[in-house]
Amino acid sequence: MVDDAESVLRNASRSLARLLDTDPDAHAVLEHLDQRAPVDTSSVDGLVRWKRHEFLRIAARDLLRIDAFEPVAAALAMMAADVLDAAVGLTHGGEGLAVIGMGKLGGRELNYASDVDVMLVSDSERDPALVERSARAAIDIARRCFRVDMNLRPEGRNGALVRTLPSYEAYWERWAEPWEFQALLKARAVGGDGSVGAAFDRAAATHLWTRPFTAESIRAVRAMKARAESDVARRGLSDRELKLGSGGIRDVEFAVQLLQLVHGGADEELRTPTTLTALAELADAGYVGRHDADQLSAAYRYLRTVEHRLQLDDEQQVHAIPASELEQDHLARVLGYTGTVDASAAQRFLRDLRSHQRTVRAIHERLWFRPLLEAFAHDGDRILTEEAAAARLTAFGFSDVERTRLAVRELTRGLTRSSRLMQQLLPLLLDWLSASPDPDLGLLGLRNLASGPQRSMELATAFRESPEVAQRLCRLLGTSRMLGQLLRRNPDMLESLGDPNEMRLRSRDELVEGTRAAVGWRPDPEERWPALKRFTDREGLRIAAHDVLDLIDVSDVGGALTNLAEATIEAAVSALEPTLPFAVIALGRLGSGELSYASDLDILFVYDGSTPADFAAAERIATTLLRDVGGHRPHIYDLDADLRPEGKDGPLARTLDGFRTYYEHYAEPWERLAMVRARAVAGDRDLARRFFKVLDPFVWRDELSDSDRREIRRVKARIENERIPANEDAQYHLKLGRGSLSDIEFATQLLQLEHQVRGTGTIGALDALLAAGALDADDHEVLVDAYRFCERTRNRWFLVNSAPGDTLPPQLEELERLAISLGTTAQQLRDDYRRVTRRSRRVFERLFYGRDQ
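Okay, so the sequence shown: first residue is 40 according to this note's numbering, each after it adds one.
Given below as structure tokens:
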């Protein structure tokens, strides 16, 4: 037996061969492989020697196939725990300080070359300085035996080495990230003061299992794993990585841990730190199919055994299969493979390895993406209680359990008849929906789109042609009820979600052609406006889809919405066939070319005529436009002509002379500011050019007087004090809040007048002011950042809310949906608002009010 043990050890491990050559007592260990020697706690050197001998004994039993993977991994973990316990005893007396095992140590599944992940907890009654000195000494001793890693402690390397239990609890309650709770799955006391360790175990379990594991937490876990896989792929190791590669060890561990986190709050039997034990419990409880669990268990044992053989070679942290055929052949023979006539040992090994990896990846994806489908599959031998089903749905972001169950049942039954591929895609659809802001809404939208055999077939066909259509559709449906309704009314647009040419945004000229075609061939005016509404809905859907899918930035959104609005007005004016020169002048957001989804279209009407009949004709055109484009049959845009001379009391349309007289004698200073953004958008272009010859001397005349500035500032102050509705939160107002859109627009326009700098749009004007030396680079950056942030957030909230909204939503659930759509968290969204608007407000007050900070 001794000779056999020595032979296999020398063949498998250079480090153990060196131990046998240099340590005379090592051979005695091989004579008593069944006897675990007592831990030597007499001295540090004695402890180090004991660890080497116990490591040798475990490896010999492993290589001689006396022990299978589980007892080997458990023995390694027990050995590490004993070393840590002894180290504390040698330096601290074992009282008041406990060692908490994490990772594979905590899971009783240690590798031969694992880092030993630990955290330290102390009795709050002990002297902190004394405890930390003892702890450092204990870790130094342990590091003579292992690589000890303390980075899983709160705040990582920057955190305190030792914390009291109340300190840990405060951290978990306020600061811990989802991955840190995932790490607590493995946490258990392994050494030191038993009562302190037991108290830690109880507190950690309480915080882990009573804390809701939300859809956002699941997204964080998935994102962390995706980053790790991307890193492996970037290093070109995907095919050889046992741990992080596709079908590797992490695929098993993360799938098991995710299901534990989702279901462990309601099912105490799942709360085990050991992967294979947890997998068995998941199978017993019905969360994982028995066959899948058996295959995963076999593959996990195999992969971990290969990993053990790699690491035994020289006790290094190796997770990748060697690249050379010679090294692969040696590894295969250590694993027990031999060559045959048909294949070498290495080839046989790699064939088995790839088979296990494919199996793991396939099952991993089913577990990673199909928990909801399995919950409602009714496969006979598994019955979930309503409470367990609700917990699973809530954890994955679906809160309406009954509606979700019915929707899944209907989708599965209806779509399977249409396409076998749809049945295979359904788990992915549910996963994509669960990553959207409102999974319930998305699933309902998918169900509505698939209602009826014909639509079901159309949807299945679109998905069969392009899985990208399915993924994008889930994101759109789970973001906005309005977009779901538009898609239901325009199902033919589904296929365009995966076609770059069909998906592209149309140019202004193309939109004009499209709007004119929509109304041009319909002689009945009652048919024109519904047709125009259908066209604007379709193109608006295209713009919103680009926005939600993050294919364009906020400036592109504003430009695209402006182009569509201009084309609509131009088509409407053309359809009315004016009998005299008539032009539409855009102001406000339309004039600046940066419309938002919630924007009114601020406009002026100018005509060329001198008789009462001309005036009547112009008023008729203007009234018809306001009624038919901005009315309710159907409603296309909100047209606002209140910025015209004399406001609501003035005529809708004026002649050039009428505008000239008003601007020369009656206009207020604030109107000069408003006219900075004036721009012709429809109608007679020659008339528009003549209009600007009248307007420009009023806007771009001499610099503002002090009285003009005071009046403009008074108007702005009045807006701040009076325009925010009582039911809206001024603290987080995206349009009128301090440092938000209104501040930036007023400051920009005032600077334009003061420095005679023209520019299109707020950002374009800020760029022009920077180029002219009228604005320094730091102020420019602050204002542009704040404008982009507020505008993007306001636009996205319109889509998520499916209604206008100018403030960050006060309800947490709504704020979280908005944040998810923007790729952030609720708290971060509020923090970002405060940060950008606080900086913007300081710049605004200095530039607009002349206040030095």
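Heads up, the beta-carbon is just placed ideally off N, CA and C, and yes, glycines get one too.
Less than 7 Å between C-beta atoms, sequence neighbours within five positions excluded: which residues of the same chain meet that for residue i?
i: Glu280; result: Val271, Gly287, His358 and Ala359
i: Leu809; result: Ala816 and His819
i: Trp248; result: Gly303, Gly304 and Arg310
i: Leu512; result: Leu533 and Leu536
Cutting at 8 Å between CB atoms, please list the residues of its own chain near residue i, excluding the five before and the five after it.
i: Met714; result: Leu626, Leu734, Phe737 and Val738
i: Glu793; result: Glu742, Leu743 and Ala813
i: Arg175; result: Leu200
i: Asp845; result: Ala637, Glu767, His772, Leu773, Lys774, Leu775 and Arg833
i: Leu619; result: Tyr646, Asp647, Gly648, Asp653, Ala656 and Ala657
i: Arg459; result: Note that Arg459 scores 39 on pLDDT, short of 50, meaning its location in the model is unreliable and no value can be drawn from it.
i: Asn487; result: Gly523 and Arg527
i: Glu578; result: Arg545, Leu550, Gly553 and Leu603
i: Glu507; result: Leu536 and Gly537
i: Glu45; result: Leu59, His66 and Leu69
Using only CA atoms, which one of the options lies nearest to residue i?
i: Ser383; options: Arg873, Asp653, Arg273 and Asp368; result: Asp368
i: Tyr636; options: Ala842, Glu759, Arg547 and Tyr771; result: Ala842
i: Ser779; options: Cys829, Val645, Leu103 and Gly284; result: Cys829
i: Arg628; options: Leu619, Phe621, Asp639 and Pro620; result: Asp639
i: Val47; options: Ala226, Arg75, Gln74 and Ile97; result: Ile97
i: Leu480; options: Ser490, Phe698 and Met521; result: Met521
i: Val551; options: Ser535, Leu603 and Asn540; result: Leu603
i: Phe220; options: Leu204, Gly233, Arg192 and Pro205; result: Arg192
i: Gly375; options: Ala825, Thr344 and Gly537; result: Thr344
i: Glu759; options: Ala362, Asp782, Leu515 and His585; result: Asp782
i: Trp836; options: Leu223, Asp586, Ser490 and Leu315; result: Asp586
i: Ala474; options: Glu255, Ala113 and Thr130; result: Glu255
i: Val83; options: Gly597, Glu616, Leu123 and Pro478; result: Leu123
i: Met118; options: Ile105, Lys143 and Ala107; result: Lys143
i: Leu349; options: Asp333, Arg372, Gln334 and Ala337; result: Arg372
i: Ala865; options: Leu854, Arg873, Tyr872 and Arg874; result: Leu854
i: Arg547; options: Glu148, Pro708, Ala610 and Arg397; result: Ala610
i: Leu115; options: Leu365, Gln510, Gly146 and Asn529; result: Gly146
i: Arg659; options: Leu634, Gly670, Leu615 and Leu678; result: Leu615
When burial is assigned at 16 or more other CB atoms within 10 Å of the CB, is residue i buried or exposed?
i: Leu838; result: buried
i: Lys687; result: exposed
i: Glu848; result: For the sequence presented, residue 848 should be read as Pro rather than Glu. Classification for Pro848: buried.
i: Val380; result: exposed
i: Gly195; result: exposed
i: Pro205; result: exposed
i: Lys732; result: exposed
i: Thr203; result: buried
i: Thr377; result: exposed
i: Gly889; result: exposed
i: Asp589; result: exposed
i: Pro564; result: exposed
i: Ala430; result: In this prediction, Ala430 has a pLDDT of 49, which is less than 50 and means its spatial position is unreliable; what the coordinates show is noted afterwards. Buried is the call here.
i: Tyr872; result: buried
i: Thr130; result: buried
i: Ser457; result: Residue placement at Ser457 is poorly supported in this model, since its pLDDT is 42, which falls under 50; the coordinates are not used for a value here.
i: Arg757; result: exposed
Ignore the nearest five residues each way along the sequence and tell me which others in residue i's own chain have a CB closer than 6 Å to its CB.
i: Ala25; result: As displayed, the chain neither begins before 40 nor continues past 892, which places residue 25 out of reach and without an answer.
i: Ala120; result: Val229 and Gly230
i: Asp818; result: Val882
i: Gly722; result: Val612, Phe621, Ala622 and Val623
i: His403; result: Asp290 and Ala294
i: Leu102; result: Val47 and Ala51
i: Arg100; result: Leu72 and Asp106
i: Asp439; result: Asp479
Are the beta-carbon atoms belonging to residue i and residue j less than 9 Å from one another?
i: Val934; j: Leu682; result: Outside the modelled stretch of the chain, which goes from 40 to 892, sits residue 934, for which no answer is possible.
i: Val235; j: Val399; result: no
i: Ser54; j: Asp352; result: yes
i: Ala242; j: Glu208; result: yes
i: Leu822; j: Phe883; result: yes
i: Tyr339; j: Asp391; result: no
i: Ile675; j: Trp568; result: yes
Does the beta carbon of residue i sit closer than 9 Å to a beta carbon anywhere in chain C?
i: Ala719; result: Absent here is chain C; the protein component of the structure consists of one chain.
Going along the chain, which unbroken runs of the beta strand (DSSP E) with 3 or more residues stay wholly within the region 551 to 630? 621 to 625
Please give me, in chain order, every unbroken run of the alpha helix (DSSP H) with length at least 4 that falls completely inside the region 151 to 190. The region 151 to 190 contains, as complete alpha helix (DSSP H) runs of 4+ residues, the segments 167 to 181 (chain order).
Mind listing, in chain order, the continuous beta strand (DSSP E) runs of no fewer than 3 residues lying wholly within the region 218 to 264? Fully enclosed beta strand (DSSP E) runs of no fewer than 3 residues occupy 227 to 231 of the region 218 to 264, in order along the chain.
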